[in-house]
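Peer 1: Quick note: the sequence shown uses the numbering used here, first residue 514, plus one each step. The structure follows.
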Amino acid sequence: MASPLFASRLAALRKILRRKNIPAFLVTDLINIRYLTGFTGSSGFLFITETANCFVTDFRYREQSEHEVTGWDILIEKGNRIDTIRNLCRKSGTKAIGFEDSASYSLYRQLSKCGLSLIPTEQFVERMRTIKTSAEIDLIQKAVTRAEAALRDVKPYIREGARERDIAARLSERLRRRGCQHIPFDIIVASGHQSALPHAKPTDKKLAKGDLVIIDWGGEAQGYCSDMTRTFLIRGPHTGRQKELYRIALEANRKAISSVAPGIRSVQRDRAARSFIRDSGYGEYFGHGTGHGVGLQVHELPRISWNKSMPIRENMVFTIEPGIYVPGLGGVRIEDMVVVRAAQPQVLTSLSKQLEIIP
């Protein structure tokens, strides 16, 4: 018997399939498979009709799937995956099947040769994943807590003369010691001129006096992710303009968070931060979105951006991360995680956002 949670998710997906007139649906994205079944392995797919729901994997995951996947017919494939899908379609009496937009072209091409009518779909499960349960939010909060604790562990090593690469390595090690099974994304430690690169990779550069230092990192708890950024300033000769960048980015962060409410569209959340940065004279130096959803993936729906418009709904979880990046001067990014609530947004991150000047 499936758990009530996974049973309700399958029922919700079937409702979407009925509304879209899709008789059968193929789920190949591993994150979506985990969301629908709880399976954490690296190979498998789901075949879903109105009356059948089959989880297919290979011999390596036979015992694991029996432990993790309940309420689904489990099939251990012994031959070609395309033949398996074709046989499932034949047994269910369907000649049409929907596929995810993340499916490979190779899969599409091979299925098209089987005489099946292929129906493209767009983010059915990904949109379901945007609304978090209280249990999911608790796990995301745990991932936040682990990440914040790891940064506190590493703070004594963030000082003049430390190498970006070494700080990132220490932070990764502390995340694992704090309980993270994996690191959700490559940690960013960027100082001085490097901090003007939004997705800079840690290098052998040593932190120097007067450097702005961006640290972007995240934790994990039972597959759920966190993502946050803080910016520091190494004590020494620095310009008033560096502090101005920080002040503007912080105020943009606060304005975007205060604007979060159910029913507002994501583009309006972006506008709250972007317009303030633009009016402060730095619009050309803020070129990425203001935020993104976080859950089983560190980057998922909704996208909080000037070119994306999605309704914001209660219990969505996403980042707010405006940044300003000035070549030759450096960059500032301040990233928090928020939950959409009816009354006011719940901020999951708790680390101070005041500019910290490191001696």
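Note that CB positions come from ideal geometry on N, CA and C, so glycine has one too. Fair warning: this is a prediction, and the values are worked out from it, not measured in the lab.
1. Quick one, which of 567, 571 and 572 has its alpha-carbon nearest residue 601's?
2. Check whether the segment 746 to 753 and the segment 708 to 717 touch, using three or more Cβ-Cβ pairs below 8 angstroms as the test.
3. Go ahead and label residue 572 buried or exposed: buried means 16 or more other beta carbons lie within 10 angstroms of its beta carbon, across all protein chains shown.
4. Note the first and the last residue of the continuous beta strand (DSSP E) segment covering residue 914.
5. For residue 625, which residues in the same chain have their Cβ closer than 7 angstroms to its Cβ, ignoring the five residues on either side in sequence?
6. Would you kindly work out how many angstroms separate the C-alpha atoms of residue 787 and residue 531, rounded to a whole number?
7. Which residue comes first and which comes last in the alpha helix (DSSP H) that contains residue 597?
8. Determine, using beta carbons only, whether residue 595 and residue 570 come nearer to each other than 8 angstroms.
9. Tell me whether the beta-carbon of residue 851 lies closer than 8 angstroms to the beta-carbon of residue 861.
10. Rounded to whole angstroms, what's the CA-CA distance from residue 597 to residue 636? Just pull it up for me.
11. By the DSSP assignment, the beta strand (DSSP E) with residue 586 in it spans what residues?
12. Would residue 653 and residue 758 qualify as a contact pair, given that the criterion is a beta-carbon distance under 8 angstroms?
13. Thinking residue 645 and residue 808 are a contact (beta carbons under 8 angstroms), I'd like their distance in whole angstroms, please.
14. Which same chain residues end up closer than 6 angstroms to residue 702 when comparing Cβ atoms and leaving out the 5 residues on each side of it in sequence?
15. Using CA atoms only, rank isn't needed, just tell me which of 556, 726 and 699 is closest to residue 811.
16. Can you tell me the Cβ-Cβ gap for residue 760 and residue 772, rounded? I've got them flagged as a contact below 8 angstroms.
17. So what does residue 582 bridge to, in DSSP terms?
18. Please tell me whether residue 611 and residue 537 are closer than 8 angstroms, where the distance is taken between their beta carbons.
19. Using a Cβ-Cβ cutoff of less than 7 angstroms, which residues in the same chain neighbour residue 551 once the five nearest sequence positions on both sides are dropped?
20. Compare the C-alpha of residue 533 against each of 633, 540 and 827 and name the closest.
21. Going by other Cβ atoms of all chains shown within 10 Å of its Cβ, with 16 needed for buried, is residue 744 buried or exposed?
22. With residue 849 as the anchor, note down where its beta strand (DSSP E) starts and where it stops.
23. Provide the residue(s) that pair with residue 816 in DSSP beta bridges, ordered along the chain.
24. Could you check where the alpha helix (DSSP H) with residue 550 kicks off and where it finishes?
25. Around the C-beta of residue 707, are 16 or more other C-beta atoms found within 10 angstroms, so that it is buried, or is it exposed?
26. What number of angstroms, rounded off, separates the C-alpha of residue 845 from the C-alpha of residue 839?
27. Between which two residues does the alpha helix (DSSP H) holding residue 517 run?
28. My parser needs the alpha helix (DSSP H) runs of 4 or more residues fully inside the segment 644 to 668; what are they?
29. If you count every other CB in all the chains shown that lies within 10 Å of the CB of residue 546, and 16 or more means buried, which is it?
30. Can you have a look at residue 815 and say buried or exposed, based on whether 16 or more other CB atoms are within 10 angstroms of its CB?
31. Return the Cβ separation of residue 825 and residue 778 in integer angstroms, given the expectation that the two are a contact with Cβ distance under 8 angstroms.
32. Tell me which residues share the same chain as residue 828 and place their Cβ nearer than 6 angstroms to its Cβ, disregarding the 5 neighbours each side in the sequence.
33. Smallest Cα separation from residue 859: which of 791, 830, 586 and 605?
34. With DSSP collapsed to three states, give me the class of residue 618.
Peer 2: Taking the coordinates as given:
1. It is 567.
2. no
3. exposed
4. As shown, the chain starts at 514 and ends at 872. That puts residue 914 outside it, with no answer to give.
5. 631
6. 40 angstroms
7. 594 to 605
8. no
9. It is a contact, given that the beta carbons lie within the stated cut-off.
10. 24 angstroms
11. Segment 586 to 589, the beta strand (DSSP E) holding residue 586.
12. Result no, Cβ atoms of residue 653 and residue 758 do not sit closer than 8 angstroms.
13. Between residue 808 and residue 645 the Cβ distance is about 7 angstroms, and since that is below 8 angstroms, they are a contact.
14. 677, 680, 681, 715 and 728
15. 699
16. Between residue 772 and residue 760 the Cβ distance is about 19 angstroms, and since that is not below 8 angstroms, they are no contact.
17. Residue 582 is not bridged to any residue.
18. yes
19. 519, 581 and 582
20. For the residues 633, 540 and 827, the minimum Cα distance to residue 533 belongs to 633.
21. Result: buried.
22. 849 to 852
23. 805
24. 543 to 550
25. Residue 707 counts as buried, since no fewer than 16 other beta carbons sit within 10 angstroms of its beta carbon.
26. 9 angstroms
27. 517 to 532
28. 647 to 667
29. With 16 or more other Cβ atoms within 10 Å, it is buried.
30. buried
31. Right, the Cβ-Cβ distance comes to about 7 angstroms (below 8 angstroms), so this counts as a contact.
32. 644 and 645
33. Distance check between residue 859 and each of 791, 830, 586 and 605 places 830 closest, using alpha-carbon atoms only.
34. helix
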